[in-house]
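The numbering used here numbers the first residue of the sequence shown as 1136 and each following residue consecutively.
Read through the structure below, which is laid out as structure tokens, and then see the notes.
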Amino acid sequence: MFDLRNFANKDMNDCAITLRNMDANAHSMEEVAERMVRYLYENLIDPHTGEPACALVRFFRTYAYRQLNEDLQESARQIIGGKAIALGTKCLTLLATAGDEPHWNSRRESSGHRAIPLVDKNFVERAPMISQLIQQFGLEISTVLEPNPELMVDLQQTNFNVFYVPEALGSAHIPAQKDFVIPYAIKSVVGFGGMLPSGNLFAIILFVKIPISQSTADLFKWVSSYARIATATFDRRTVFTNVAGTAVAHP
């Protein structure tokens, strides 16, 4: 376990190596993502209480709308009022979740975050947390919406910055202040991830109940490079695990 109030280089190394190996014997990217969020939720600890320091840990990845099953496509359409979505539209899709509330431990029980259609640049700019995450990663919104194959090699080798909100309370970048930030005493938010060989983005977001320093947040950009290796194992292969527990590939 790691003391998130005193997260040091050794902790970063140990955490990163563990995440790197989470593709071992896995059957889908969803399974790898579930292992990662569960590990982070259970092992990042507030030493003052001995309890998890994160109220919620989530793993997102972008997929083209055409790659989602009918259920996720319906979730995406609901977000934009039932309008049609172009097949190539990138959707920020919740792949795994772990948290304090029972319904925060299944992606299928998420409300409003299962598949967020990034219909265009204007839509992303109106979604404060998503747009800020992309920008703090050092990416252009257009790169996420329409990846340029010529840039993929360089982007895969880039160590991305972290998404960091030192004070979640009152932040314009963190929505659901009354329903989430205040009642669950969210102090800081840290996100890390990167670009996969397919041109899709993955991001792991920590909603933390203790204040996180800039130096601690910076350490997670190195964790992300190891998490990316394990995640990339299934980047062009099996993605989801169905309700019966069987791995299924996207179309």
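A virtual CB, placed ideally from N, CA and C, is assigned to each residue, including glycine.
Source: prediction; values computed, not measured.
May I ask you to report which of helix, strand or coil DSSP gives ALA1224?
On the sequence shown, position 89 is the one that residue 1224 refers to. The amino acid at residue 1224 is misidentified as Ala; the sequence shows Thr. Coil at THR1224, not helix or strand.
Cα-Cα separation between ALA1382 and ALA1219, rounded to whole angstroms:
The residue given as residue 1382 occupies position 247 in the sequence shown. The residue given as residue 1219 occupies position 84 in the sequence shown. The predicted position of ALA1382 is uncertain, since its pLDDT is 38 and thus under 50; a value taken from the coordinates is nonetheless stated next. Taking the straight line from one Cα to the other gives about 28 Å.
Using 8 Å as the threshold, is the C-beta distance between MET1264 and ILE1215 below it?
Translated into positions along the sequence shown, residue 1264 becomes position 129. Translated into positions along the sequence shown, residue 1215 becomes position 80. With contacts defined by Cβ atoms closer than 8 Å, MET1264 and ILE1215 do not form a contacting pair.
Paired residues, beta bridge with SER1323 - DSSP
Looking up residue 1323 in the sequence shown gives position 188. Beta-bridge pairing links SER1323 to VAL1343.
Would ARG1371 be called buried (16 or more neighbouring beta carbons within 10 Å of its own) or exposed?
Numbered from its first residue, the sequence shown carries residue 1371 at position 236. So ARG1371 counts as exposed.
Under 8 Å by Cβ, that's how I've got GLY1329 and SER1359 pegged, so tell me the actual separation to the nearest angstrom.
In the sequence shown, the residue the question calls residue 1329 occupies position 194. In the sequence shown, the residue the question calls residue 1359 occupies position 224. Right, the Cβ-Cβ distance comes to about 5 Å (below 8 Å), so this counts as a contact.
Looking only at its own chain, which residues have a Cβ that is under 6 Å from the Cβ of GLY1326, when we skip the five neighbours before and after it?
Within the sequence shown, residue 1326 is the residue found at index 191, counting from 1. Same-chain partners within the cutoff: LEU1268, PHE1298, ALA1338 and ILE1340.
State the DSSP-derived secondary structure class of ARG1249, mapped to helix, strand or coil.
Along the sequence shown, one-based indexing puts residue 1249 at 114. If DSSP states are grouped into helix, strand and coil, ARG1249 belongs with coil.
Determine whether the beta carbon atoms of PHE1181 and VAL1167 lie at a separation below 8 Å.
Within the sequence shown, numbered from 1, the residue matching residue 1181 stands at position 46. Within the sequence shown, numbered from 1, the residue matching residue 1167 stands at position 32. Reading off the sequence, residue 1181 comes out as Asp, not Phe. No, the Cβ-Cβ distance between ASP1181 and VAL1167 is not below 8 Å.
Counting contacts by CB-CB distance shorter than 8 Å, is LEU1203 in contact with chain B?
The structure shown has no chain B; it contains just one protein chain.
What span of residues does the alpha helix (DSSP H) with PHE1355 cover, start to end?
As a first step, residue 1355 is located in the sequence shown; it is residue number 220 there, counting from the start. Run containing PHE1355: 1349-1367, per the alpha helix (DSSP H) assignment.
ILE1180 by DSSP, collapsed to three states: which one?
Within the sequence shown, residue 1180 is the residue found at index 45, counting from 1. In this structure, ILE1180 counts as strand in the three-state DSSP scheme.
Could you tell me which of VAL1343, TRP1357, THR1366 and ASP1353 sits nearest to ASN1178, measuring between CA atoms?
Counting from one through the sequence shown, the residue named residue 1178 turns up at place 43. The shortest Cα separation from ASN1178 among VAL1343, TRP1357, THR1366 and ASP1353 belongs to VAL1343.
I believe LEU1229 touches PHE1195 by the beta-carbon criterion, under 8 Å. Please report the beta-carbon distance rounded to the nearest angstrom.
Indexing the sequence shown from 1 puts residue 1229 at position 94. Indexing the sequence shown from 1 puts residue 1195 at position 60. Right, their Cβ atoms sit about 6 Å apart.
Given the structure, does MET1171 come close to the ligand ZN, in the sense that its CB is under 7 Å from one of the ligand's heavy atoms?
With respect to the ligand ZN, the structure shown offers nothing to examine, as it has no ligands at all.
Reference PHE1355; option with closest CA among ALA1262, LEU1191, THR1224 and LEU1175
Taking the sequence shown and counting its residues from 1, the one referred to as residue 1355 is at position 220. Comparing Cα-Cα distances from PHE1355 to each of ALA1262, LEU1191, THR1224 and LEU1175, the minimum goes to LEU1175.
ALA1379 versus SER1246 - alpha carbon distance:
Along the sequence shown, one-based indexing puts residue 1379 at 244. Along the sequence shown, one-based indexing puts residue 1246 at 111. With a pLDDT of only 39 at ALA1379, under 50, the local geometry of the prediction cannot be trusted, and the value read off the model is given with reservation. Straight through space, the alpha carbons of SER1246 and ALA1379 are spaced by roughly 22 Å.
Spatial neighbours of TRP1239 in its chain, beta-carbon cut-off 6 Å, leaving aside the 5 residues before and after
In the sequence shown, residue 1239 corresponds to position 104, counting from 1. Cβ within range, chain order: LEU1191 and THR1232.
By Cβ distance, which residues of its chain are closer than 7 Å to CYS1226, with the 5 residues on each side in sequence left out?
Looking up residue 1226 in the sequence shown gives position 91. Contacts found: THR1197, TYR1198, TYR1200, LEU1203, ALA1211, ALA1250, ILE1251, PRO1252 and LEU1253.
Is the separation between the beta-carbon of GLU1209 and that of THR1376 shorter than 8 Å?
Taking the first residue of the sequence shown as position 1, residue 1209 is located at position 74. Taking the first residue of the sequence shown as position 1, residue 1376 is located at position 241. Taking 8 Å as the Cβ cut-off, GLU1209 and THR1376 do not qualify as a contacting pair.
Report the three-state DSSP secondary structure of LEU1331 (helix, strand or coil).
Within the sequence shown, numbered from 1, the residue matching residue 1331 stands at position 196. It is coil, neither helix nor strand.
Could you pull out every residue in the same chain whose Cβ sits closer than 6 Å to the Cβ of ASP1235, ignoring the five residues on either side in sequence?
Your numbering for residue 1235 matches position 100 in the sequence shown. Sequence-distant Cβ neighbours of ASP1235 in its own chain, meaning closer than 6 Å and more than five residues away, are ALA1190.
Near LYS1322, which residues of its chain fall below 8 Å by C-beta distance, leaving aside the five closest residues on each side in sequence?
Sequence index remark: in the sequence shown, residue 1322 carries index 187 (1-based). Excluding five sequence positions before and after LYS1322, the CB atoms of its chain that fall closer than 8 Å to its own CB belong to GLU1302, ALA1303, LEU1304, VAL1343, LYS1344, ILE1345, PRO1346 and ILE1347, given in chain order.
Terminal residues of the continuous alpha helix (DSSP H) containing VAL1259?
Within the sequence shown, residue 1259 is the residue found at index 124, counting from 1. 1256-1260 is the extent of the alpha helix (DSSP H) around VAL1259.
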